[in-house]
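Trainee: According to this note's numbering, the sequence shown holds residues 509 to 759 in order.
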Amino acid sequence: MIIGIIPARYGSTRFPGKPLADIGGKSMIQRVLEQAWQAQSLDKVVVATDDERIAEAVLRLGGEAIMTRTDHPSGTDRCWEAYSRLIAEKEVKASASDYIINIQGDEPFIDPEQINELAAILDGTVELATQMSSVDSAELLHNPKEAKIIINARNEALYFSRAAIPYLWGLDPAIWHQHHDYHRHVGLYAYRADVLEKITELPPSPLEQAESLEQLRWLEAGYRIKLVETQFQTPSVDDPADIEKALRSVQ
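(1) Tell me the residue span of the alpha helix (DSSP H) that contains Ser-592.
(2) Does DSSP put Glu-599 in a helix, a strand or coil?
(3) Under the rule that 16 or more other beta-carbon atoms within 10 Å means buried, what is Gln-548, buried or exposed?
(4) Which complete alpha helix (DSSP H) runs does the stretch 662-721 hold, if anything under 4 residues is left out?
(5) With a 10 Å radius around its C-beta and 16 neighbouring C-beta atoms as the bar for buried, classify Thr-521 as buried or exposed.
(6) Taking Asn-624 as the reference, which of Asp-750, Asp-585, Ile-511, Arg-670 has the closest Cα?
(7) Residues in its own chain within less than 6 angstroms of Pro-652 by CB, not counting five upstream and five downstream?
(8) My parser needs the beta strand (DSSP E) runs of 3 or more residues fully inside the stretch 521-591; what are they?
(9) Relative to the alpha-carbon of Ile-673, which residue among Gln-686, His-691, Asn-663 has its alpha-carbon at the smallest distance?
(10) How about the stretch 749-757 and the stretch 684-704: do they share at least three Cβ pairs that are nearer than 8 angstroms?
(11) If you compare alpha carbons, which of Gln-622, Asp-631, Leu-594, Pro-515 is closest to Gln-546?
(12) With a CB to CB cut of under 8 angstroms and the five nearest residues on each side skipped, what residues in its chain are close to Phe-617?
(13) Under DSSP, the alpha helix (DSSP H) around Asn-624 begins and ends at which residues?
(14) Whose C-beta lies closer than 8 angstroms to the C-beta of Gln-739 among residues of the same chain, with five residues either side of it excluded?
(15) Please check the pair Ala-556 and Ile-611, which I expect to be a contact at CB under 8 angstroms, by giving their CB distance rounded to whole angstroms.
(16) Select from Ala-596, Met-536, Arg-517, Asp-689 the residue whose C-alpha is nearest the C-alpha of Ala-646.
(17) Over the uninterrupted alpha helix (DSSP H) stretch that includes Ser-757, give me the two end residues.
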């Protein structure tokens, strides 16, 4: 079984109430839900929230919402609590081979095919998976908000960094992207259920704290992260100013 879980927290520092924000006549959470419902690879879609207002909005849409704690440090932790509650309430039969796809609650126009791309590689042997896309400009390569990825021959992550990696010795950094096949991280995650339980028990790691990238905790602990290349570029909404940008990007 593949379950899509949409973490939707009300108390965003930069944008409180973001899941209920109006995006072209529909709430953010409605748009994300409608896109997730179209992903044929998902057997079930639920919203994991910490606020009754969001839960009520989801229920009015005919969706399923699960109340979770307010103190989760990440969407990954919220996904594990939501999955655990589904098992406890007997909505899902516990299986170590289940997969949970963490669908970002602030990407109102995520393409269902992007979700299907990730789901297609979840064959039971994959522990963790996420997506990547090519870097085609110096601006993107050297932007610390974009995590770059080093991958091995099996399309598994060796490292994620906010820095431009690898360093190309003897070349102007402005043209590095023209001489190496760089990739950046696209933040759609899939977790095998048994692995999700274990990674939420891990303490923060030195590399994670240095780069502020939670996936480094999993790599340091020895877990394998499979990478899938995608051509989809989904706009995210981090603050109110991003709403118009997101709408323009899909017009």
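Ideal Cβ placement from N, Cα and C applies to all residues, glycine included.
Mentor: Once the coordinates are examined:
(1) Along the sequence shown, one-based indexing puts residue 592 at 84. It spans 583-596 - the alpha helix (DSSP H) in which Ser-592 sits, taken as one unbroken run.
(2) Indexing the sequence shown from 1 puts residue 599 at position 91. It is coil, neither helix nor strand.
(3) In the sequence shown, counting from the first residue as 1, residue 548 sits at position 40. Exposed, by the Cβ-count rule.
(4) You should have 701-707, 714-719.
(5) Sequence index remark: in the sequence shown, residue 521 carries index 13 (1-based). Exposed, because fewer than 16 other Cβ atoms sit within 10 Å of the Cβ of Thr-521.
(6) As a first step, residue 624 is located in the sequence shown; it is residue number 116 there, counting from the start. Ranking Asp-750, Asp-585, Ile-511, Arg-670 by Cα distance to Asn-624 puts Ile-511 first.
(7) Translated into positions along the sequence shown, residue 652 becomes position 144. Here the set comprises Arg-670.
(8) Counting whole runs of 3 or more residues, the stretch 521-591 contains the beta strand (DSSP E) stretches 552-557, 573-575.
(9) Along the sequence shown, read from residue 1 onward, the residue named residue 673 stands at position 165. Per the Cα distances, His-691.
(10) They do not touch, by the three-pair rule.
(11) For the purposes of this step, residue 546 is identified with residue 38 of the sequence shown, where counting begins at 1. Closest option to Gln-546, Cα to Cα, is Gln-622.
(12) Along the sequence shown, read from residue 1 onward, the residue named residue 617 stands at position 109. Scanning its chain for C-beta atoms nearer than 8 angstroms, with the 5 sequence neighbours on each side dropped, one finds around Phe-617 the residues Arg-539, Gln-543, Thr-742, Pro-743, Ala-754, Ser-757, Val-758, in chain order.
(13) Sequence index remark: in the sequence shown, residue 624 carries index 116 (1-based). Counting along the chain, the alpha helix (DSSP H) containing Asn-624 begins and ends at 620-627.
(14) Here residue 739 is taken as the residue at index 231 of the sequence shown, counted from 1. Hits under 8 angstroms: Ser-641.
(15) Counting from one through the sequence shown, the residue named residue 556 turns up at place 48. Counting from one through the sequence shown, the residue named residue 611 turns up at place 103. About 10 angstroms separates the two Cβ atoms, so there is no contact after all.
(16) Here residue 646 corresponds to residue number 138 of the sequence shown, with the count starting at 1. Ala-646 has its Cα closest to that of Asp-689, out of Ala-596, Met-536, Arg-517, Asp-689.
(17) One-based indexing of the sequence shown puts residue 757 at position 249. Taken as a continuous stretch (DSSP letters only), the alpha helix (DSSP H) holding Ser-757 covers 750-757.
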